[in-house]
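In the numbering used here, the protein residues as written are 488 to 911.
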(Lines of atoms letter the chains of each structure in order from A and count residues from 1; the text may use other names and numbers.)
(Lines give C-alpha, C1' and ligand atoms only; values in the text may rest on other atoms or scores of the structure.)
Protein backbone atom coordinates (compact mmCIF):
# COMPACT_ATOMS: atom_id res chain seq x y z
CA UNK A 1 0.00 0.00 0.00
CA UNK A 2 1.47 3.35 -1.05
CA UNK A 3 0.46 6.76 0.28
CA UNK A 4 0.49 9.98 -1.68
CA UNK A 5 0.97 12.90 0.73
CA UNK A 6 -0.11 16.50 0.42
CA UNK A 7 2.43 18.03 2.80
CA UNK A 8 1.58 21.36 4.44
CA UNK A 9 4.39 23.18 6.22
CA UNK A 10 2.90 25.42 8.89
CA UNK A 11 -0.11 25.18 11.16
CA UNK A 12 -1.16 28.80 11.52
CA UNK A 13 -3.93 30.53 9.57
CA UNK A 14 -2.79 29.62 6.07
CA UNK A 15 -1.53 26.12 6.87
CA UNK A 16 -4.65 24.96 8.68
CA UNK A 17 -6.87 26.46 5.99
CA UNK A 18 -4.91 24.71 3.25
CA UNK A 19 -5.17 21.39 5.09
CA UNK A 20 -8.94 21.71 5.54
CA UNK A 21 -9.39 22.67 1.90
CA UNK A 22 -7.30 19.71 0.76
CA UNK A 23 -9.33 17.27 2.86
CA UNK A 24 -12.68 18.69 1.75
CA UNK A 25 -12.06 19.50 -1.91
CA UNK A 26 -8.83 17.91 -3.15
CA UNK A 27 -8.60 14.35 -1.84
CA UNK A 28 -12.25 13.46 -2.68
CA UNK A 29 -11.57 14.31 -6.33
CA UNK A 30 -8.29 12.45 -6.76
CA UNK A 31 -8.40 9.31 -8.93
CA UNK A 32 -9.10 6.05 -7.10
CA UNK A 33 -6.17 3.67 -7.52
CA UNK A 34 -5.78 0.15 -6.17
CA UNK A 35 -3.05 -0.03 -3.55
CA UNK A 36 -2.87 3.75 -3.11
CA UNK A 37 -4.20 6.07 -0.42
CA UNK A 38 -4.08 9.82 0.05
CA UNK A 39 -3.10 11.77 3.12
CA UNK A 40 -2.79 15.37 4.26
CA UNK A 41 0.08 15.99 6.66
CA UNK A 42 0.66 19.21 8.63
CA UNK A 43 4.05 20.00 10.16
CA UNK A 44 4.12 22.74 12.82
CA UNK A 45 6.46 23.56 15.74
CA UNK A 46 3.56 23.74 18.20
CA UNK A 47 0.69 21.32 18.70
CA UNK A 48 -1.54 24.36 19.32
CA UNK A 49 -2.79 26.98 16.90
CA UNK A 50 -2.07 30.51 18.16
CA UNK A 51 -4.63 33.28 17.56
CA UNK A 52 -1.96 35.82 16.72
CA UNK A 53 -4.53 38.54 15.95
CA UNK A 54 -5.13 39.03 19.68
CA UNK A 55 -1.43 39.41 20.50
CA UNK A 56 -1.61 43.16 21.26
CA UNK A 57 -4.32 42.68 23.90
CA UNK A 58 -2.73 39.74 25.66
CA UNK A 59 0.55 41.67 25.68
CA UNK A 60 -1.18 44.21 27.90
CA UNK A 61 -2.89 41.76 30.23
CA UNK A 62 -3.96 38.13 30.43
CA UNK A 63 -6.99 39.35 32.35
CA UNK A 64 -8.09 41.26 29.26
CA UNK A 65 -7.28 38.32 26.98
CA UNK A 66 -6.99 34.99 28.84
CA UNK A 67 -4.56 32.45 27.46
CA UNK A 68 -7.27 29.86 26.85
CA UNK A 69 -8.72 32.14 24.19
CA UNK A 70 -5.42 32.24 22.31
CA UNK A 71 -4.50 28.58 21.91
CA UNK A 72 -6.42 25.75 20.22
CA UNK A 73 -5.19 22.16 19.69
CA UNK A 74 -4.54 21.49 16.01
CA UNK A 75 -4.96 17.72 15.74
CA UNK A 76 -8.50 17.47 17.18
CA UNK A 77 -9.66 20.04 14.62
CA UNK A 78 -9.19 17.36 11.94
CA UNK A 79 -10.99 14.55 13.76
CA UNK A 80 -13.51 14.38 10.92
CA UNK A 81 -10.74 13.11 8.62
CA UNK A 82 -8.53 11.19 11.05
CA UNK A 83 -7.85 8.36 8.59
CA UNK A 84 -6.61 10.88 6.00
CA UNK A 85 -4.82 13.36 8.27
CA UNK A 86 -1.47 13.27 10.06
CA UNK A 87 0.04 15.89 12.35
CA UNK A 88 3.77 16.14 13.03
CA UNK A 89 5.02 18.47 15.74
CA UNK A 90 8.33 19.75 14.46
CA UNK A 91 9.92 22.14 12.02
CA UNK A 92 11.15 21.78 8.46
CA UNK A 93 14.92 22.08 8.15
CA UNK A 94 15.57 21.27 4.47
CA UNK A 95 13.75 20.62 1.20
CA UNK A 96 15.03 18.28 -1.50
CA UNK A 97 13.10 19.25 -4.64
CA UNK A 98 14.75 16.54 -6.76
CA UNK A 99 13.73 13.78 -4.38
CA UNK A 100 10.52 15.59 -3.40
CA UNK A 101 11.17 15.19 0.31
CA UNK A 102 11.25 17.54 3.30
CA UNK A 103 13.56 17.01 6.27
CA UNK A 104 11.81 17.65 9.59
CA UNK A 105 13.18 17.83 13.12
CA UNK A 106 10.45 16.69 15.49
CA UNK A 107 9.85 18.07 18.96
CA UNK A 108 11.64 15.03 20.38
CA UNK A 109 14.73 15.69 18.25
CA UNK A 110 14.06 12.90 15.77
CA UNK A 111 15.02 13.55 12.15
CA UNK A 112 12.37 12.60 9.59
CA UNK A 113 12.45 12.64 5.79
CA UNK A 114 8.90 13.11 4.53
CA UNK A 115 8.07 12.49 0.86
CA UNK A 116 5.42 14.60 -0.80
CA UNK A 117 3.25 14.37 -3.89
CA UNK A 118 2.41 18.05 -3.46
CA UNK A 119 3.95 20.63 -1.12
CA UNK A 120 2.25 23.68 0.39
CA UNK A 121 4.53 26.23 2.05
CA UNK A 122 2.61 28.10 4.74
CA UNK A 123 5.30 28.80 7.30
CA UNK A 124 4.27 32.41 7.87
CA UNK A 125 6.53 34.91 9.57
CA UNK A 126 8.25 35.77 12.83
CA UNK A 127 8.28 39.14 14.57
CA UNK A 128 11.31 40.88 16.13
CA UNK A 129 9.60 40.77 19.52
CA UNK A 130 8.67 37.34 20.92
CA UNK A 131 5.26 38.69 22.00
CA UNK A 132 3.60 37.98 18.67
CA UNK A 133 5.28 34.78 17.46
CA UNK A 134 4.86 31.18 18.58
CA UNK A 135 8.26 29.73 17.72
CA UNK A 136 8.01 26.58 19.83
CA UNK A 137 4.92 25.82 21.90
CA UNK A 138 2.14 27.25 24.05
CA UNK A 139 4.02 26.81 27.33
CA UNK A 140 6.98 28.84 26.11
CA UNK A 141 4.83 31.69 24.79
CA UNK A 142 2.76 31.85 27.98
CA UNK A 143 6.02 32.09 29.96
CA UNK A 144 7.09 34.97 27.69
CA UNK A 145 3.84 36.79 28.42
CA UNK A 146 4.10 36.16 32.17
CA UNK A 147 7.63 37.61 32.26
CA UNK A 148 6.57 40.61 30.19
CA UNK A 149 3.54 41.30 32.40
CA UNK A 150 5.69 41.33 35.52
CA UNK A 151 7.82 44.09 33.97
CA UNK A 152 4.92 46.00 32.47
CA UNK A 153 2.99 46.55 35.70
CA UNK A 154 5.72 48.86 37.05
CA UNK A 155 6.72 50.48 33.76
CA UNK A 156 6.78 54.26 33.53
CA UNK A 157 8.15 54.57 30.00
CA UNK A 158 7.19 52.26 27.15
CA UNK A 159 8.55 52.74 23.63
CA UNK A 160 7.19 50.90 20.60
CA UNK A 161 9.24 50.89 17.41
CA UNK A 162 6.96 50.71 14.38
CA UNK A 163 3.65 52.33 13.52
CA UNK A 164 1.92 49.60 11.58
CA UNK A 165 -1.28 48.00 12.88
CA UNK A 166 0.46 45.80 15.46
CA UNK A 167 2.45 48.73 16.85
CA UNK A 168 -0.62 50.96 17.05
CA UNK A 169 -2.82 48.27 18.57
CA UNK A 170 -0.17 47.36 21.14
CA UNK A 171 0.34 50.99 22.10
CA UNK A 172 -3.39 51.48 22.58
CA UNK A 173 -3.83 48.34 24.67
CA UNK A 174 -0.81 48.97 26.91
CA UNK A 175 -1.50 52.68 27.37
CA UNK A 176 -5.11 52.03 28.37
CA UNK A 177 -4.09 49.20 30.69
CA UNK A 178 -1.48 51.34 32.46
CA UNK A 179 -3.29 54.70 32.41
CA UNK A 180 -6.90 53.60 32.59
CA UNK A 181 -9.82 54.48 30.37
CA UNK A 182 -10.23 58.21 29.75
CA UNK A 183 -13.36 60.10 30.69
CA UNK A 184 -16.13 60.43 28.15
CA UNK A 185 -15.02 63.84 26.84
CA UNK A 186 -11.37 63.67 27.87
CA UNK A 187 -8.65 64.16 25.25
CA UNK A 188 -5.92 62.65 27.45
CA UNK A 189 -5.59 60.80 30.80
CA UNK A 190 -5.89 63.06 33.83
CA UNK A 191 -3.09 61.40 35.82
CA UNK A 192 -1.20 59.07 33.50
CA UNK A 193 0.92 56.41 35.14
CA UNK A 194 3.13 55.80 32.12
CA UNK A 195 4.38 57.47 28.96
CA UNK A 196 3.81 55.28 25.91
CA UNK A 197 5.51 56.39 22.68
CA UNK A 198 5.28 55.06 19.13
CA UNK A 199 8.25 55.70 16.83
CA UNK A 200 7.05 56.02 13.23
CA UNK A 201 9.58 55.98 10.41
CA UNK A 202 7.08 57.68 8.08
CA UNK A 203 5.06 60.88 8.21
CA UNK A 204 1.96 58.94 9.21
CA UNK A 205 0.97 55.72 10.93
CA UNK A 206 -0.82 52.74 9.36
CA UNK A 207 0.59 52.76 5.79
CA UNK A 208 -2.38 50.90 4.28
CA UNK A 209 -4.90 53.49 5.50
CA UNK A 210 -5.45 57.08 4.37
CA UNK A 211 -3.95 59.99 6.32
CA UNK A 212 -7.24 61.14 7.85
CA UNK A 213 -7.73 57.71 9.41
CA UNK A 214 -4.18 57.78 10.72
CA UNK A 215 -4.86 61.17 12.31
CA UNK A 216 -7.96 59.80 13.98
CA UNK A 217 -5.90 56.93 15.34
CA UNK A 218 -3.48 59.47 16.83
CA UNK A 219 -6.35 61.20 18.63
CA UNK A 220 -7.56 57.93 20.12
CA UNK A 221 -4.02 57.07 21.20
CA UNK A 222 -3.64 60.43 22.96
CA UNK A 223 -6.85 59.75 24.91
CA UNK A 224 -5.16 56.76 26.57
CA UNK A 225 -1.77 58.41 27.00
CA UNK A 226 0.17 57.31 23.93
CA UNK A 227 2.17 59.74 21.75
CA UNK A 228 3.70 59.40 18.30
CA UNK A 229 7.06 60.60 16.99
CA UNK A 230 7.06 60.83 13.17
CA UNK A 231 9.74 60.67 10.47
CA UNK A 232 12.12 58.98 12.87
CA UNK A 233 13.65 55.51 12.98
CA UNK A 234 14.93 53.42 15.85
CA UNK A 235 18.66 53.01 15.23
CA UNK A 236 19.32 50.71 18.17
CA UNK A 237 17.85 49.49 21.44
CA UNK A 238 20.37 48.25 24.00
CA UNK A 239 20.49 47.30 27.68
CA UNK A 240 23.65 47.60 29.76
CA UNK A 241 22.45 44.72 31.94
CA UNK A 242 19.43 42.48 32.41
CA UNK A 243 17.90 44.80 35.01
CA UNK A 244 18.82 48.06 33.29
CA UNK A 245 16.56 50.28 31.23
CA UNK A 246 16.67 50.04 27.43
CA UNK A 247 18.45 52.90 25.70
CA UNK A 248 16.53 53.59 22.50
CA UNK A 249 18.70 55.49 20.01
CA UNK A 250 16.71 57.45 17.42
CA UNK A 251 17.75 58.56 13.94
CA UNK A 252 17.45 62.25 14.92
CA UNK A 253 20.21 61.79 17.47
CA UNK A 254 17.95 61.71 20.52
CA UNK A 255 17.70 58.84 22.97
CA UNK A 256 14.90 57.57 25.20
CA UNK A 257 15.51 55.57 28.36
CA UNK A 258 12.67 53.04 28.33
CA UNK A 259 11.54 50.61 30.98
CA UNK A 260 10.17 48.54 28.13
CA UNK A 261 10.97 48.59 24.42
CA UNK A 262 8.85 46.62 21.93
CA UNK A 263 10.18 46.15 18.41
CA UNK A 264 7.17 46.12 16.08
CA UNK A 265 9.09 47.21 12.98
CA UNK A 266 7.97 44.45 10.66
CA UNK A 267 8.00 40.75 9.96
CA UNK A 268 10.60 38.15 8.95
CA UNK A 269 9.39 35.32 6.67
CA UNK A 270 10.05 31.83 8.07
CA UNK A 271 11.82 30.64 4.94
CA UNK A 272 15.46 30.11 5.93
CA UNK A 273 15.19 26.33 5.33
CA UNK A 274 14.23 26.75 1.68
CA UNK A 275 16.59 26.86 -1.33
CA UNK A 276 17.74 30.43 -2.00
CA UNK A 277 16.50 30.29 -5.58
CA UNK A 278 12.94 29.89 -4.30
CA UNK A 279 13.05 33.27 -2.51
CA UNK A 280 12.71 36.88 -3.60
CA UNK A 281 14.84 39.79 -2.40
CA UNK A 282 12.76 40.03 0.80
CA UNK A 283 13.17 36.32 1.56
CA UNK A 284 9.56 35.59 0.73
CA UNK A 285 8.69 32.57 -1.39
CA UNK A 286 8.64 33.74 -4.99
CA UNK A 287 5.61 32.47 -6.84
CA UNK A 288 3.44 32.99 -9.87
CA UNK A 289 1.21 35.83 -8.70
CA UNK A 290 -1.83 34.35 -10.42
CA UNK A 291 -1.57 30.60 -9.74
CA UNK A 292 0.53 30.72 -6.52
CA UNK A 293 2.76 27.96 -7.85
CA UNK A 294 6.40 28.16 -6.77
CA UNK A 295 7.80 27.82 -10.26
CA UNK A 296 11.47 27.58 -9.27
CA UNK A 297 10.66 24.56 -7.09
CA UNK A 298 9.58 22.16 -9.81
CA UNK A 299 6.21 20.44 -10.00
CA UNK A 300 3.43 20.71 -7.44
CA UNK A 301 4.83 23.22 -4.95
CA UNK A 302 2.66 26.15 -3.79
CA UNK A 303 2.76 28.97 -1.27
CA UNK A 304 -0.02 30.54 0.80
CA UNK A 305 -0.04 33.14 3.53
CA UNK A 306 2.31 35.88 4.60
CA UNK A 307 5.52 34.12 3.54
CA UNK A 308 4.46 34.34 -0.12
CA UNK A 309 5.56 37.04 -2.57
CA UNK A 310 2.04 37.47 -3.96
CA UNK A 311 0.43 39.09 -0.92
CA UNK A 312 0.62 42.31 1.03
CA UNK A 313 -0.35 40.25 4.05
CA UNK A 314 -3.26 39.79 6.39
CA UNK A 315 -5.64 37.01 7.31
CA UNK A 316 -8.48 38.30 5.15
CA UNK A 317 -6.38 37.97 2.00
CA UNK A 318 -6.08 34.24 2.63
CA UNK A 319 -9.78 33.73 1.98
CA UNK A 320 -9.01 34.67 -1.63
CA UNK A 321 -5.68 32.86 -1.90
CA UNK A 322 -6.37 29.46 -0.31
CA UNK A 323 -9.00 28.33 -2.85
CA UNK A 324 -6.74 29.37 -5.73
CA UNK A 325 -3.62 27.54 -4.58
CA UNK A 326 -5.50 24.42 -3.54
CA UNK A 327 -7.59 24.26 -6.73
CA UNK A 328 -4.42 24.47 -8.82
CA UNK A 329 -2.80 21.85 -6.59
CA UNK A 330 -5.75 19.54 -7.25
CA UNK A 331 -5.56 20.18 -11.00
CA UNK A 332 -1.84 19.41 -11.09
CA UNK A 333 -2.08 16.36 -8.83
CA UNK A 334 -4.94 14.82 -10.81
CA UNK A 335 -2.91 15.26 -13.99
CA UNK A 336 0.16 13.73 -12.36
CA UNK A 337 -1.70 10.71 -11.00
CA UNK A 338 -3.86 10.08 -14.07
CA UNK A 339 -1.32 10.86 -16.75
CA UNK A 340 -3.82 13.14 -18.44
CA UNK A 341 -3.33 16.75 -19.53
CA UNK A 342 -3.96 19.24 -16.71
CA UNK A 343 -7.22 21.15 -16.58
CA UNK A 344 -7.61 24.93 -16.48
CA UNK A 345 -5.97 27.19 -13.91
CA UNK A 346 -7.64 29.18 -11.20
CA UNK A 347 -6.30 32.72 -10.78
CA UNK A 348 -5.76 34.83 -7.69
CA UNK A 349 -6.85 38.46 -7.75
CA UNK A 350 -5.51 40.62 -4.95
CA UNK A 351 -7.99 42.89 -3.21
CA UNK A 352 -5.96 46.09 -3.09
CA UNK A 353 -8.75 48.27 -1.79
CA UNK A 354 -8.13 50.09 1.48
CA UNK A 355 -8.84 47.41 4.06
CA UNK A 356 -7.64 47.19 7.64
CA UNK A 357 -9.19 47.25 11.11
CA UNK A 358 -7.17 48.64 14.02
CA UNK A 359 -8.61 48.58 17.56
CA UNK A 360 -7.20 51.22 19.90
CA UNK A 361 -7.78 50.19 23.47
CA UNK A 362 -10.86 48.26 24.47
CA UNK A 363 -13.48 50.67 23.13
CA UNK A 364 -12.14 52.60 20.12
CA UNK A 365 -10.70 51.84 16.72
CA UNK A 366 -10.11 53.00 13.16
CA UNK A 367 -10.21 51.26 9.84
CA UNK A 368 -11.63 50.74 6.39
CA UNK A 369 -13.23 47.93 4.43
CA UNK A 370 -13.32 47.70 0.64
CA UNK A 371 -12.19 51.30 0.39
CA UNK A 372 -14.74 52.73 2.81
CA UNK A 373 -13.76 54.28 6.13
CA UNK A 374 -15.52 52.67 9.08
CA UNK A 375 -16.74 54.37 12.26
CA UNK A 376 -15.05 53.53 15.54
CA UNK A 377 -18.07 51.65 16.85
CA UNK A 378 -18.06 49.32 13.85
CA UNK A 379 -14.33 48.62 14.20
CA UNK A 380 -14.93 47.78 17.84
CA UNK A 381 -17.89 45.54 16.99
CA UNK A 382 -16.01 43.60 14.32
CA UNK A 383 -12.54 43.36 15.82
CA UNK A 384 -11.99 45.41 18.97
CA UNK A 385 -14.54 43.53 21.07
CA UNK A 386 -12.48 40.32 21.23
CA UNK A 387 -10.10 40.44 18.26
CA UNK A 388 -12.54 38.38 16.17
CA UNK A 389 -12.36 35.27 18.34
CA UNK A 390 -16.10 34.64 18.52
CA UNK A 391 -16.53 35.54 14.88
CA UNK A 392 -13.77 33.48 13.25
CA UNK A 393 -12.09 30.92 15.51
CA UNK A 394 -14.66 28.13 15.29
CA UNK A 395 -14.97 28.27 11.51
CA UNK A 396 -11.22 28.39 11.14
CA UNK A 397 -10.53 25.48 13.45
CA UNK A 398 -13.17 23.08 12.11
CA UNK A 399 -12.78 24.10 8.48
CA UNK A 400 -16.38 25.24 8.05
CA UNK A 401 -15.06 28.39 6.38
CA UNK A 402 -14.16 26.22 3.39
CA UNK A 403 -17.09 23.82 3.59
CA UNK A 404 -18.27 24.77 0.12
CA UNK A 405 -16.13 25.37 -2.91
CA UNK A 406 -16.74 28.82 -4.34
CA UNK A 407 -17.39 29.42 -8.02
CA UNK A 408 -14.44 30.38 -10.16
CA UNK A 409 -13.65 31.24 -13.75
CA UNK A 410 -11.34 28.71 -15.48
CA UNK A 411 -8.27 30.27 -17.05
CA UNK A 412 -6.29 28.92 -20.03
CA UNK A 413 -3.48 26.52 -19.22
CA UNK A 414 -0.05 28.10 -19.64
CA UNK A 415 2.48 26.03 -21.57
CA UNK A 416 4.80 24.04 -19.30
CA UNK A 417 7.90 25.77 -20.65
CA UNK A 418 6.50 29.14 -19.68
CA UNK A 419 5.78 27.93 -16.16
CA UNK A 420 9.24 26.80 -15.17
CA UNK A 421 8.05 23.15 -15.07
CA UNK A 422 5.71 24.00 -12.21
CA UNK A 423 3.02 21.59 -13.33
CA UNK A 424 2.84 17.88 -13.95
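All C-beta atoms in this analysis are idealised placements derived from N, C-alpha and C, irrespective of residue type, glycine included.
- In the DSSP assignment, residue 502 falls within the unbroken alpha helix (DSSP H) covering 500-508.
- Residue 578: member of the beta strand (DSSP E) spanning 572-583, first to last residue.
- Of all alpha-carbon atoms in 699, 807, 611 and 489, the one lying nearest the alpha-carbon of residue 532 is that of 611.
- Between residue 779 and residue 797, the C-beta spacing is below 8 Å.
- In this structure, 624 is the residue among 624, 507 and 614 with its C-alpha nearest to the C-alpha of residue 595.
- Secondary structure of residue 561 (DSSP, three-state): coil.
- Runs of the beta strand (DSSP E) lying entirely within the stretch 689-767, each at least 3 residues long, are 713-716, 721-726, 733-737, 742-745 and 747-750 in chain order.
- In the displayed model, residue 793 falls within coil according to three-state DSSP, outside both helix and strand.
- The beta-bridge partner set that DSSP reports for residue 780 consists of 789.
- For the options 505, 495 and 496, the alpha carbon positioned closest to that of residue 892 is the one of 505.
- Out of 713, 770, 696 and 686, the CA that lies nearest to the CA of residue 722 is found in 686.
- Excluding sequence positions up to five before and after residue 682, its CB lies within less than 8 Å of the CB of 643, 644, 645, 712 and 714, all in the same chain and listed in chain order.
- Cβ-Cβ distances below 7 Å link residue 841 to 695, 696, 697, 855 and 858 in the same chain, with the five nearest sequence neighbours on each side left out; the list follows chain order.
- Excluding residues up to 5 positions away in sequence, 797 lie with their Cβ nearer than 6 Å to the Cβ of residue 776 in the same chain.
- DSSP places residue 548 in the coil class of the three-state scheme, outside both helix and strand.
- Rounded to the nearest whole angstrom, the CA to CA distance from residue 635 to residue 546 is 8 Å.
- For residue 813, the uninterrupted alpha helix (DSSP H) segment begins and ends at 802-825.
- Sixteen is the threshold: since fewer than 16 other Cβ atoms of the shown chains lie within 10 Å of the Cβ of residue 828, the residue is exposed.
- Annotation: residue 602 to residue 748 spans about 43 Å, alpha carbon to alpha carbon.
- Taken through DSSP and simplified to helix, strand or coil, residue 851 comes out as strand.
- Residue pairing of residue 679 in beta bridges, as defined by DSSP: absent, with no partner found.
- Contact between residue 772 and residue 781 holds, since their C-beta atoms are separated by about 6 Å, short of 8 Å.
- The DSSP-derived three-state label of residue 515 is helix.
- Under the DSSP definition of a beta bridge, residue 832 partners with 898.
- At a Cβ-Cβ threshold of 8 Å, residue 502 and residue 494 do not count as neighbours.
- For residue 709, same chain residues with a beta-carbon under 7 Å away, outside a window of 5 residues either side, are 674 and 675 in chain order.
- Annotation: the continuous beta strand (DSSP E) that includes residue 528 extends over 523-531.
- Judged by DSSP in its simplified three-state form, residue 605 adopts strand.
- Contact annotation, residue 848 with residue 863: C-beta distance approximately 10 Å; criterion of less than 8 Å not satisfied.
- In terms of Cβ geometry, residue 578 and residue 592 form a close pair [threshold 8 Å].
- Residue 556 carries a helical assignment under DSSP once its states are collapsed to helix, strand and coil.
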